[in-house]
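Structure record follows, encoded as structure tokens.
There are 2 protein chains.
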Amino acid sequence: MTEVAIIGASMTRFGERDAWVRDLLAEAGDACLADAGVASDAVDHLYVSNMASGEFEGMTGVPNALAHDLGAMPAYTQRVDQTSSSGGAGIYAAWQSVASGASDMTLLVGGEKMTHRTTGEATDVIASITHPVEYKHGVTLPSFAGLTARAYLDQYDAPRESLAHVAVKNHRNGVDNPHAQFRKEIDLETALESPLVADPLRLYDFCPITDGSAALLFCPVEVAREHATDFVTVSGVAGATDTHVVHERGDPTVMGGVVESGRQAFERAGLGPEDVDVAELHDMFTILEFLQYEGLGFAEPGTAWQDAVEGVTARDGALPVNTSGGLKSKGHPLGASGVAQGYEIYKQLLGEAGPRQVDAEVGLACNVGGFGNCVTTAVMEVGR
Amino acid sequence: MTEVAIIGASMTRFGERDAWVRDLLAEAGDACLADAGVASDAVDHLYVSNMASGEFEGMTGVPNALAHDLGAMPAYTQRVDQTSSSGGAGIYAAWQSVASGASDMTLLVGGEKMTHRTTGEATDVIASITHPVEYKHGVTLPSFAGLTARAYLDQYDAPRESLAHVAVKNHRNGVDNPHAQFRKEIDLETALESPLVADPLRLYDFCPITDGSAALLFCPVEVAREHATDFVTVSGVAGATDTHVVHERGDPTVMGGVVESGRQAFERAGLGPEDVDVAELHDMFTILEFLQYEGLGFAEPGTAWQDAVEGVTARDGALPVNTSGGLKSKGHPLGASGVAQGYEIYKQLLGEAGPRQVDAEVGLACNVGGFGNCVTTAVMEVGR
Chain X
1 MTEVAIIGAS
11 MTRFGERDAW
21 VRDLLAEAGD
31 ACLADAGVAS
41 DAVDHLYVSN
51 MASGEFEGMT
61 GVPNALAHDL
71 GAMPAYTQRV
81 DQTSSSGGAG
91 IYAAWQSVAS
101 GASDMTLLVG
111 GEKMTHRTTG
121 EATDVIASIT
131 HPVEYKHGVT
141 LPSFAGLTAR
151 AYLDQYDAPR
161 ESLAHVAVKN
171 HRNGVDNPHA
181 QFRKEIDLET
191 ALESPLVADP
201 LRLYDFCPIT
211 DGSAALLFCP
221 VEVAREHATD
231 FVTVSGVAGA
241 TDTHVVHERG
251 DPTVMGGVVE
261 SGRQAFERAG
271 LGPEDVDVAE
281 LHDMFTILEF
291 LQYEGLGFAE
301 PGTAWQDAVE
311 GVTARDGALP
321 VNTSGGLKSK
331 GHPLGASGVA
341 QGYEIYKQLL
351 GEAGPRQVDA
361 EVGLACNVGG
371 FGNCVTTAVM
381 EVGR
Chain F
1001 MTEVAIIGAS
1011 MTRFGERDAW
1021 VRDLLAEAGD
1031 ACLADAGVAS
1041 DAVDHLYVSN
1051 MASGEFEGMT
1061 GVPNALAHDL
1071 GAMPAYTQRV
1081 DQTSSSGGAG
1091 IYAAWQSVAS
1101 GASDMTLLVG
1111 GEKMTHRTTG
1121 EATDVIASIT
1131 HPVEYKHGVT
1141 LPSFAGLTAR
1151 AYLDQYDAPR
1161 ESLAHVAVKN
1171 HRNGVDNPHA
1181 QFRKEIDLET
1191 ALESPLVADP
1201 LRLYDFCPIT
1211 DGSAALLFCP
1221 VEVAREHATD
1231 FVTVSGVAGA
1241 TDTHVVHERG
1251 DPTVMGGVVE
1261 SGRQAFERAG
1271 LGPEDVDVAE
1281 LHDMFTILEF
1291 LQYEGLGFAE
1301 PGTAWQDAVE
1311 GVTARDGALP
1321 VNTSGGLKSK
1331 GHPLGASGVA
1341 QGYEIYKQLL
1351 GEAGPRQVDA
1361 EVGLACNVGG
1371 FGNCVTTAVM
1381 EVGR
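Chains X and F, in that order, are what the protein sequence lines are. The first sequence: position 302 = 302 (our numbering), numbered continuously. The second sequence: position 57 = 1057 (our numbering), numbered continuously.
Have a look at this one:
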């Protein structure tokens, strides 16, 4: 199997953007190629991670439009959709394209344009991810998050404040990310007194609705050695499903897709959770950061909240989590989010993360679709 | 690189179906696993080729639902969208998953549910494939087909009747396909006197709107040798784009994506057009059968119409094309069509095509997205 490298990365400013997804994708794609110093006509596979351009914008065939806009024709194009984990699925698809020998230069661009729709409309599109039975009864993703948070706090006797620590940390990190939607610190009190959304979760436990795009450029390690002085390898990547009907899960605080995709990704990389120096976890809701942290083996079940409270996951802690600001402060443009996680790990591993920089040789990105219905995990290392 | 085999295939009845896409996908998926004698929990990757379940049915996350319905959890799932060539893109994705070593058993299921929407609504969703500028001016896919057919007939002094020969042949083949939407023969006169749609094309030059699903099961050739007494190999598969703005093409009768994906697929297979014994071409419009036939090198530019008139592409001709009945009579449930092309070639190569059977060791499937905006081509051979 061909070893797979990443030799370029980019992301646009996340937030409210006066542009269509096509424009955002082109912005990130162009910047990624420039970052790598690779011409667009060298791209032979172009993947677009996007959940719902048809529903949000009435536009399909976006990957073909992007090949046109970037000047990448006749590159093969395809849209990768795995709901809110489309970006992580894109990393897996890009990895497969290079590892299989199908491609020598795969550009992955993830993006979504959402803020032109009302919150109700956007929520309705996102809720169509869930099982029709649950969707029909009004059980949306935020309500799953509330129910799960309540179960976690009860089961492990964890304080409500521990969730607020996640929000405070990720907002703190976002201040130093020029691409983040929200660049403002918040304190525990602000988080704890924000409006109730789905008990016990409040406004500051949720990520916002966001426009944005991010891109990564993949090639064989041998090609990377020619093109780049420094690069990153994707040493293990995998994905897995959990029950589509969320209420059928035995223990709602265990995300089976996280556990299984993490296990496989570590196995492929020949590494374990103890080897990871920095991680981007899918904090669409604060509670999810705990569930992934535990599911990936960074802490025993029921103890992630302690690491959050004690600062283990802070930028200066033993295992910094969401140095980018996470979905919480950076924003969550569905198809872009998993790719932007890869962007942050890439920058951290190459020592290019500026004020957010931590000391890292091995990084991990975990991207969650639906309410853990499908999850991808990627382990990345400094390339040699 | 791991050699890739197909060890099972299925398709549902195509036509108007009183079922959601989820049900259709489960029907094809179950049947495919049964055909191969493989248990659902052996599936580790599950790809769903589908263009627009969100737009047609307000339902996303369908691959996760399917993993649930088939009992394939915790298999990794992903939706593969490449507009009307989503099925061919699915074959390419499944091939990459096995060839890369990521998967030992990949189930690909393609499907679409369309007939519950009005023709206007369905056409509007399909038209969103095209470039927004062209779309906005009302240039839909049928109108591109009409303009291109006119250019072809003029450029090569081909008789209008030659297009009708494609419709007559494919309807004739469809009579023997129990899964086809239309199982009735038509004569040249019927085709030539049917209502005008986009001059010079008439009703019988167009495929219908269809519900349906098809599935293929992929694994490494070594695994296939254990599981199956006979199987098929995917010896070459590739995809390529042409301009997204159709009117920017120099010669509208040359489909660049067909030419390039065919060239790459043949190169990977170590074969050429002269080696192909049977082909499924994307006859969404009759004119497209000529353009692919020429683009893939089966005939010189401007001569495909002669082979159609002379019966070369008939079931008893030198190169049978669309023995399944093609999209014309079998129907065109977008995401299913490319997979169903693979189904037909699989059946032909294994000698299981019943009354449609031809003598074939090498087959080819060409799936066209948009108006050739992106095309995939797969070369398949009898496995040994």
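Ideal Cβ placement from N, Cα and C applies to all residues, glycine included.
DSSP-derived helix/strand/coil call for residue i
i	result
F:S1324	coil
F:R1202	strand
X:H282	coil
X:D44	coil
X:T83	coil
F:C1032	helix
X:E352	coil
F:Q1264	helix
F:D1124	helix
F:G1146	helix
X:D211	strand
X:G391	It is not possible to answer for residue 391 of chain X, since the shown part of chain X is limited to 1 through 384.
F:G1015	strand
F:G1101	coil
F:P1252	coil
X:N177	coil
F:P1052	According to the sequence as given, residue 1052 of chain F is Ala; it is not Pro. Three-state DSSP puts F:A1052 in coil, outside helix and strand.
Own chain residues within Cβ distance below 7 angstroms of residue i, not counting five before or after
i	result
F:A1269	S1235, G1236 and V1379
X:P195	R202 and L203
Cβ shell of residue i (< 6 angstroms), same chain only, five flanking positions each side left out
i	result
X:V125	A52 and E55
F:E1381	T1233, S1235 and V1362
F:V1166	T1286, E1289 and A1308
F:V1043	A1072, A1075, M1105 and L1107
F:S1103	D1044, H1045 and S1097
Contacts that residue i makes with chain F (C-beta to C-beta distance below 8 angstroms)
i	result
X:A52	G1054 and T1060
X:Q82	P1063, T1077, Q1078 and R1079
X:N367	Chain F residues near X:N367: none, gap ~12 angstroms exceeds 8 angstroms.
X:T130	G1061
X:G363	Per Cβ cutoff of 8 angstroms: no residues; X:G363 is ~20 angstroms from chain F at best.
X:A93	Q1078, A1093 and Q1096
X:A89	Q1078
Per DSSP, the bridge partner or partners of residue i
i	result
F:L1217	F:G1008 and F:L1107
X:V232	X:I6 and X:V382
X:L364	X:A279 and X:V379
F:V1237	F:A1378
X:Q78	X:Y47
X:L196	X:R202
X:E112	X:G212
X:G369	X:C374
Partners in chain F for residue i, counting only beta-carbon separations shorter than 7 angstroms
i	result
X:E260	P1074
X:Q96	Q1096, S1097, S1100 and A1102
X:G370	G1061 and N1064
Under 9 angstroms by beta carbon: chain X residues contacting residue i
i	result
F:M1114	None at all; the shortest Cβ gap to chain X is about 14 angstroms.
F:A954	Here chain F covers residues 1001 to 1384 and nothing more, so residue 954 of chain F does not appear.
Sequence-distant residues of its chain with Cβ nearer than 8 angstroms to residue i (five each side left out)
i	result
F:L1147	A1198 and P1252
Amino acids of chain X, ordered along the chain, whose beta-carbon sits closer than 8 angstroms to that of residue i
i	result
F:V1245	H68
F:A1224	Neighbours of F:A1224 on chain X: none; closest Cβ ~17 angstroms, over 8 angstroms.
Contact list for residue i against chain F, beta-carbon separation under 9 angstroms
i	result
X:D242	N1064, M1073 and P1074
Under 7 angstroms by beta carbon: chain X residues contacting residue i
i	result
F:M1001	S100 and G101
F:G1256	P74
F:N1373	G61 and N64
The segment 95-103 of chain X / the segment 1028-1044 of chain F touching (three or more Cβ pairs under 8 angstroms): Here the segment 95-103 of chain X makes no contact with the segment 1028-1044 of chain F; the two share fewer than three CB pairs at distances below 8 angstroms.
Cβ pair count under 8 angstroms reaching 3, the segment 1007-1024 of chain F against the segment 99-118 of chain X: Result no; under three Cβ-Cβ pairs closer than 8 angstroms.
Inter-stretch contact (C-beta, 8 angstroms, three-pair minimum) for the segment 65-85 of chain X and the segment 1274-1283 of chain F: They do not touch, by the three-pair rule.
Three or more C-beta pairs below 8 angstroms linking the segment 1006-1015 of chain F and the segment 310-328 of chain X: Between the segment 1006-1015 of chain F and the segment 310-328 of chain X there are fewer than three inter-stretch CB-CB distances shorter than 8 angstroms, so the stretches are not counted as touching.
Cβ pair count under 8 angstroms reaching 3, the segment 1243-1260 of chain F against the segment 1134-1150 of chain F: Verdict: yes, contact present.
Contact the segment 1170-1184 of chain F vs the segment 1319-1329 of chain F: 3+ CB pairs below 8 angstroms: Pairwise C-beta distances place the segment 1170-1184 of chain F in contact with the segment 1319-1329 of chain F, as three or more of them are shorter than 8 angstroms.
Touch test, the segment 1348-1367 of chain F against the segment 1203-1220 of chain F, Cβ-Cβ under 8 angstroms, three pairs minimum: They do not touch, by the three-pair rule.
The segment 60-77 of chain X / the segment 334-351 of chain X touching (three or more Cβ pairs under 8 angstroms): Contact between the segment 60-77 of chain X and the segment 334-351 of chain X is absent, because fewer than three Cβ pairs lie under 8 angstroms.
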